[in-house]
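S.K.: Residue numbers (our numbering), protein chains in the order written: chain A, 166 to 386; chain B, 166 to 386.
Where is the CB? At the ideal position from N, CA and C, for every residue including glycine.
Quick one: this structure, given as structure tokens, is what I'll be asking you about.
Protein chains: 2
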Amino acid sequence: MSDTPLKVYVVDDDPAMRNSLPRALRKRGFEVEVFASAPEFLAQYDGTQTGCLVIDLRMPEMSGLELQEHLGSAAQFLPMVFISGHGGVRESVQAMKGGAMDFIEKPFRSAALVERIEAAFALLRERLEMREKCAELRQRFDRLTAREAEIVSRIVACPAEISSKEIGRHLGISPRTIDHHRARILEKLEIRSTAELVGLATRLRIDCESSNLASGLPSQE
Amino acid sequence: MSDTPLKVYVVDDDPAMRNSLPRALRKRGFEVEVFASAPEFLAQYDGTQTGCLVIDLRMPEMSGLELQEHLGSAAQFLPMVFISGHGGVRESVQAMKGGAMDFIEKPFRSAALVERIEAAFALLRERLEMREKCAELRQRFDRLTAREAEIVSRIVACPAEISSKEIGRHLGISPRTIDHHRARILEKLEIRSTAELVGLATRLRIDCESSNLASGLPSQE
DNA sequence: GATTGCGTAGGCAATTCTGCCTATGAGCTT
DNA sequence: AAGCTCATAGGCAGAATTGCCTACGCAATC
Numbered sequence: 166m167s168d169t170p171l172k173v174y175v176v177d178d179d180p181a182m183r184n185s186l187p188r189a190l191r192k193r194g195f196e197v198e199v200f201a202s203a204p205e206f207l208a209q210y211d212g213t214q215t216g217c218l219v220i221d222l223r224m225p226e227m228s229g230l231e232l233q234e235h236l237g238s239a240a241q242f243l244p245m246v247f248i249s250g251h252g253g254v255r256e257s258v259q260a261m262k263g264g265a266m267d268f269i270e271k272p273f274r275s276a277a278l279v280e281r282i283e284a285a286f287a288l289l290r291e292r293l294e295m296r297e298k299c300a301e302l303r304q305r306f307d308r309l310t311a312r313e314a315e316i317v318s319r320i321v322a323c324p325a326e327i328s329s330k331e332i333g334r335h336l337g338i339s340p341r342t343i344d345h346h347r348a349r350i351l352e353k354l355e356i357r358s359t360a361e362l363v364g365l366a367t368r369l370r371i372d373c374e375s376s377n378l379a380s381g382l383p384s385q386e
Numbered sequence: 166m167s168d169t170p171l172k173v174y175v176v177d178d179d180p181a182m183r184n185s186l187p188r189a190l191r192k193r194g195f196e197v198e199v200f201a202s203a204p205e206f207l208a209q210y211d212g213t214q215t216g217c218l219v220i221d222l223r224m225p226e227m228s229g230l231e232l233q234e235h236l237g238s239a240a241q242f243l244p245m246v247f248i249s250g251h252g253g254v255r256e257s258v259q260a261m262k263g264g265a266m267d268f269i270e271k272p273f274r275s276a277a278l279v280e281r282i283e284a285a286f287a288l289l290r291e292r293l294e295m296r297e298k299c300a301e302l303r304q305r306f307d308r309l310t311a312r313e314a315e316i317v318s319r320i321v322a323c324p325a326e327i328s329s330k331e332i333g334r335h336l337g338i339s340p341r342t343i344d345h346h347r348a349r350i351l352e353k354l355e356i357r358s359t360a361e362l363v364g365l366a367t368r369l370r371i372d373c374e375s376s377n378l379a380s381g382l383p384s385q386e
């Protein structure tokens with residue numbers, strides 16, 4: 166939801182950074198939470214929070230890269246900006262390949278960091294919108310019964326043969342029953358035509374296969 | 166086409182690299198072309214070649230990063246593996262953000278480079294397939310006349326109201342004429358139902374907006 | 001000047017879709 | 001046992017789609 170304020174999570178083992186960074190970021194209007202280590206962050210992370218992670222590369226217990234790996238696809242909604250004291254090219258490339266937003270070296274101007282965080286938030290907002298859009302679609306599809314979903318699958322997989330007669334033959338039941346299911350499907354999905362159904366399902370499949378939300382779809386069968 | 170062998174383009178100002186790299190890569194079965202500078206590569210680049218660029222970061226006339234920038238979206242079909250002697254984190258991050266496949270530091274094992282090149286080819290193949298798929302779809306849509314495309318747009322934009330009567334009213338012409346156009350549209354696109362049309366157009370729009378091929382589509386209007 | 005392609009439009013008949021009714025049996029919950 | 005959802009299936013009437021025909025005017029092309 167866009168009414169949840171976007172937070173900056175600062176994870177750094179260096180007390181000086183934990184002191185100065187939040188100060189600068191709060192002055193810029195960000196809401197900030199601070200953690201002294203990656204495990205400390207993970208301890209309070211319930212998988213639903215979103216926001217920008219500003220994270221030190223090297224830390225004793227768990228490095229920034231390890232945290233990134235640990236978060237996996239959830240990191241989509243936790244864009245990371247790495248901060249490195251002595252990190253090398255190898256680490257920075259790994260971080261970027263792992264989907265980091267950016268990777269900046271100490272020392273840095275706080276304005277530069279702010280820029281990166283704002284870019285991260287822009288991306289995050291996009292992803293959250295996409296996720297919500299998918300969730301809404303999914304919700305509607307979830308109201309369908311198994312049989313209805315089966316018919317949707319069939320229609321989407323093979324939109325060239327969508328007369329009730331053909332579908333009925335395919336499923337071995339009366340075309341009249343297909344008509345009945347069709348009506349329920351359109352009603353539940355709040356649409357008005359089979360064409361719209363195909364459009365909706367196509368978008369749902371494409372959008373969701375690119376996010377980590379792909380599951381329980383009317384399957385390709 | 167996948168029958169075009171995938172080439173490795175080595176761009177490096179260092180004669181030693183221009184000597185050793187191709188040797189190693191050819192031994193691994195790659196087809197290799199060598200260039201001593203970015204401009205030299207660009208001189209023979211006609212915008213259609215695809216392949217993996219193995220490129221030095223620092224070069225006198227034009228740096229690897231400048232080449233990357235210069236290629237712009239065409240770089241999609243020229244995945245780049247950077248090689249850096251003295252490059253720092255800043256450059257590597259810029260390269261990665263610019264869409265580079267990878268960024269490795271000298272010295273490196275040739276096996277490591279080969280791995281990266283193979284990953285690049287895998288990605289490239291995917292992108293080429295996508296491009297081709299889009300091109301095929303586009304070709305079919307291009308056969309439509311202006312009026313036909315207008316009707317397609319209308320149907321795709323508003324699949325809830327697709328009866329010929331409604332479209333006719335919207336365009337201010339007879340529903341009968343819409344029927345006629347519809348028939349031509351289905352025929353030209355080699356499909357059999359309006360539902361299939363919506364699916365096709367939806368996929369086309371989504372697929373192509375993510376590539377640089379988006380243009381001349383049945384527009385959103 | 002004839003041909004071709006395009007947009008326009010109508011007729012007619014077969015098929016299909018849609019909406020509104022009823023109805024039965026299976027399976028589950030209360 | 002009663003009530004619920006779901007899948008099944010039919011009737012019927014109005015609306016829409018589809019395929020196949022003809023036709024005219026306009027513009028470009030040969």
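Is it the case that the Cβ atoms of A/Val199 and A/Pro180 are separated by a distance below 7 Å?
M.R.: No. Outside cutoff.
S.K.: Checking the sheet assignment: what are the DSSP bridge partners for A/Phe286?
M.R.: Paired residue(s): none; A/Phe286 is not in a bridge.
S.K.: Helix or strand or just coil, what does DSSP make of A/Ser249?
M.R.: A/Ser249: strand per DSSP, three-state reduction.
S.K.: Unbroken alpha helix (DSSP H) runs of length 4 or more, entirely within the region 288-359 of chain B: which are they?
M.R.: Counting only runs of 4 or more, we get 311-322, 329-336, 340-354.
S.K.: Do A/Arg303 and A/Lys353 have their C-beta atoms closer together than 7 Å?
M.R.: Going by C-beta atoms, A/Arg303 is not nearer than 7 Å to A/Lys353.
S.K.: Is the Cβ-Cβ distance between B/Ala360 and A/Thr215 less than 7 Å?
M.R.: Not closer than 7 Å, so no.
S.K.: May I ask you to report which of helix, strand or coil DSSP gives A/Asp267?
M.R.: In this structure, A/Asp267 counts as strand in the three-state DSSP scheme.
S.K.: Would you say B/Ser318 reaches chain A, if we count a Cβ-Cβ gap shorter than 7 Å as a contact?
M.R.: So no, B/Ser318 is outside the interface.
S.K.: Any beta-carbon of chain A closer than 7 Å to the one on B/Ser257?
M.R.: Closer than 7 Å to some Cβ of chain A, the Cβ of B/Ser257 qualifies, so yes.
S.K.: Buried or exposed: which applies to A/Ala366, given that a residue is buried once 16 or more other Cβ atoms fall within 10 Å of its Cβ?
M.R.: The residue in question, A/Ala366, is buried, as its Cβ has 16 or more Cβ neighbours within 10 Å.
S.K.: Does any residue of chain A have a CB that is nearer than 7 Å to the CB of B/Met224?
M.R.: With 7 Å as the cut-off, B/Met224 does not count as an interface residue toward chain A.
S.K.: Exposed or buried, which one is A/Asp168 when buried takes at least 16 other CB atoms within 10 Å?
M.R.: Legend: pLDDT at A/Asp168 = 48, less than 50; position of this residue unreliable, value from coordinates given subsequently. The residue in question, A/Asp168, is exposed, as its Cβ has fewer than 16 Cβ neighbours within 10 Å.
S.K.: Report the rounded CA-to-CA distance for B/Arg357 versus B/Gly364, giving the unit in angstroms.
M.R.: Roughly 12 Å between the two C-alpha positions.
S.K.: Flag this pair as yes or no: are the beta carbons of A/Val258 and A/Val219 separated by less than 7 Å?
M.R.: It is not a contact, given that the beta carbons lie outside the stated cut-off.
S.K.: By a C-beta neighbour count over all protein chains shown, 10 Å radius and 16 as the cutoff for buried, is A/Gln209 buried or exposed?
M.R.: Exposed, since its Cβ has fewer than 16 Cβ neighbours within 10 Å.
S.K.: When burial is assigned at 16 or more other CB atoms within 10 Å of the CB, is B/Phe273 buried or exposed?
M.R.: Per the 10 Å Cβ criterion, exposed.
S.K.: Hey, how far is the Cα of A/Ser339 from the Cα of A/His346?
M.R.: Each residue's alpha carbon lies about 11 Å from the other.
S.K.: Since I believe A/Val175 is in contact with A/Val197 (beta carbons under 8 Å), could you give me their beta-carbon distance rounded to a whole number of angstroms?
M.R.: 6 Å between Cβ atoms; contact.
S.K.: Between the alpha carbons of A/Leu207 and A/Arg292, how many angstroms are there, rounded?
M.R.: Going from the Cα of A/Leu207 to the Cα of A/Arg292 covers about 21 Å.
S.K.: For B/Ile371, go through chain A and note every residue whose CB falls closer than 9 Å to its CB, in chain order.
M.R.: Per Cβ cutoff of 9 Å: Thr367, Arg368, Ile371, Asp372.
S.K.: Out of curiosity, what's the CA-to-CA distance linking A/Phe268 and B/Gly333?
M.R.: Near 56 Å, if we compare the C-alpha coordinates of B/Gly333 and A/Phe268.
S.K.: Rounded to whole angstroms, what's the CA-CA distance from B/Leu243 to A/Arg368? Just pull it up for me.
M.R.: Going by the C-alpha atoms only, they are around 29 Å apart.
S.K.: Please classify A/Met166 as buried or exposed, where buried requires at least 16 other C-beta atoms within 10 Å of its C-beta.
M.R.: Since pLDDT at A/Met166 reaches only 47, below the 50 mark, its modelled position is unreliable, and no value is offered.
S.K.: Taking the alpha-carbon of B/Ala260 as reference, which of B/Glu234, B/Arg191, B/Ile282 has the nearest alpha-carbon?
M.R.: Closest by alpha carbon: B/Glu234.
S.K.: Which term fits A/Ser249, buried or exposed, when burial requires 16 or more other beta carbons within 10 angstroms of its beta carbon?
M.R.: With 16 or more Cβ atoms within 10 Å of its Cβ, A/Ser249 is classed as buried.
S.K.: Taking all protein chains shown into account, decide if B/Asp211 is buried (16 or more other Cβ within 10 angstroms of its Cβ) or exposed.
M.R.: So B/Asp211 counts as exposed.
S.K.: Could you give the distance in angstroms between the alpha-carbon of B/Glu315 and the alpha-carbon of A/Pro324?
M.R.: Going by the C-alpha atoms only, they are around 22 Å apart.
S.K.: For chain A, check one thing: does any of its Cβ atoms lie closer than 7 Å to the Cβ of B/Leu288?
M.R.: Answer no: the Cβ-Cβ gap between B/Leu288 and chain A never drops below 7 Å.
S.K.: B/Phe306 versus chain A: which residues are under 9 Å apart at the beta carbon?
M.R.: Per Cβ cutoff of 9 Å: no residues; B/Phe306 is ~16 Å from chain A at best.
S.K.: If you compare alpha carbons, which of A/Cys373, A/Pro225, A/Ala322 is closest to A/Glu301?
M.R.: A/Glu301 has its Cα closest to that of A/Cys373, out of A/Cys373, A/Pro225, A/Ala322.
S.K.: From what residue to what residue does the alpha helix (DSSP H) around A/Phe156 run?
M.R.: The structure shown has nothing for residue 156 of chain A, since chain A only spans 166 to 386.
S.K.: In terms of residue numbering, what span does the alpha helix (DSSP H) encompassing A/Gly194 cover?
M.R.: Counting along the chain, A/Gly194 falls outside any alpha helix (DSSP H), and DSSP gives it neither H nor E.
S.K.: Classify A/Phe200 as helix, strand or coil using the three-state DSSP reduction.
M.R.: A/Phe200 falls in the strand class under three-state DSSP.
S.K.: So which residues of chain B does A/Gly229 contact, with C-beta pairs closer than 7 Å?
M.R.: Within 7 Å Cβ-Cβ: nothing; A/Gly229 doesn't reach chain B, min ~14 Å.
S.K.: Find the nearest neighbour of B/Ser238 within the set B/Glu283, B/Gly264, B/Arg183, B/Arg319, judged by alpha-carbon distance.
M.R.: The option with the nearest alpha carbon to B/Ser238 is B/Gly264.
S.K.: So which residues on chain B does A/Ser329 lean against when the C-beta distance must stay under 9 Å?
M.R.: Here the premise fails: no neighbours, minimum Cβ distance about 13 Å.
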